[in-house]
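Colleague: First residue of the sequence shown: 1, per my numbering; consecutive thereafter. C-beta: ideal position from N, C-alpha, C; glycine also. I have a structure I would like to understand better, so I am pasting it below and will then ask my questions one at a time.
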Amino acid sequence: ITATAIPTIITAIATTMTDARALQRLLAWASPAFPVGAFAYSAGLETAIAEGRVRDAAATHDWLAGNLKAGAARNDAILAALACRCHADAVRLADLAGLCLALTPARQRHEELLVTGGAFLDAAKAWPDPVHDRLPRPCPYPVAFGAVAGAAGIAPGDTVLALLTAHAQAQISVAVRLVPIGQTDGLAILAAVEPDIAALAPALAEAGEDDLGSASYAADIAAMKHETLPTRIFRS
């Protein structure tokens, strides 16, 4: 190894280490074990199960796939990507937070985004970063997740991939407990939506505000009706 090659090697090693560290953080932040309290929310799925519209593994898959492609999950992913790209701009982050909440039609879903967003930021302070001072409080979860990921050097595409995978895991967990479907069926659904998430992530990572919008009216109505259920296990 020549003396002139040493700086290049050191740079390459540092880059690899930084990338690995960012991946470690992304895996931790998107994990079901990360303490955001997502297990307490169903985003309206509990209503659909109670009304008999989601009653087996096939219906669970269809519900989840529709939300990923044309529902609130799609909007959340776009907002997270936007926040990821503008993580250094406090004014822009505040605007995105307000837009996220304005696009949320159900009161309980509104609360879900704020509670999980606050919990995410509280937990993510274990990795100190100035981005925490730039984010508004309260801050909805997609904006918080995207901004913190961007500040850690995580690309928007990877941020979206992680966010949508975490959403899928959370929804499948609800179905496993309430439909109920077995763990094997739940894993089969997760495997089945992996190609959808992989295909959606690159486009949503580059999407802008004009691409926001939802056509999953059944899911939105289910989220609105959740608070009227006589018996509820989940908070949304």
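#1: List in chain order: all unbroken alpha helix (DSSP H) runs of 4+ residues lying wholly within the segment 79-136.
#2: Figure out for me which residue from Y41, G52, R21, L68 has the closest Cα to the Cα of E227.
#3: By DSSP, does I9 sit in helix, in strand, or in coil?
#4: Quick one, are the C-beta atoms of V54 and L45 less than 8 Å apart?
#5: My output table needs one value for S31: the three-state DSSP class, helix, strand or coil.
#6: Is P138 helix, strand or coil when you go by DSSP?
#7: Report buried or exposed for Y217, applying the criterion of at least 16 other Cβ atoms within 10 angstroms of its Cβ.
#8: Please confirm if the segment 157-165 is in contact with the segment 118-134, defined as three or more CB-CB distances below 8 Å between the two stretches.
#9: Go ahead and pull the three-state DSSP assignment for E46.
#10: If we ignore side chains and look at the alpha-carbon of each, how far apart do A50 and I172 end up?
Modeller: Judging by the given coordinates:
#1: 90-102, 107-124, 131-134
#2: Y41
#3: Because I9 carries a pLDDT of 38, less than 50, the predicted location of this residue cannot be relied on, and no value is offered for it.
#4: yes
#5: coil
#6: coil
#7: exposed
#8: no
#9: helix
#10: 15 Å
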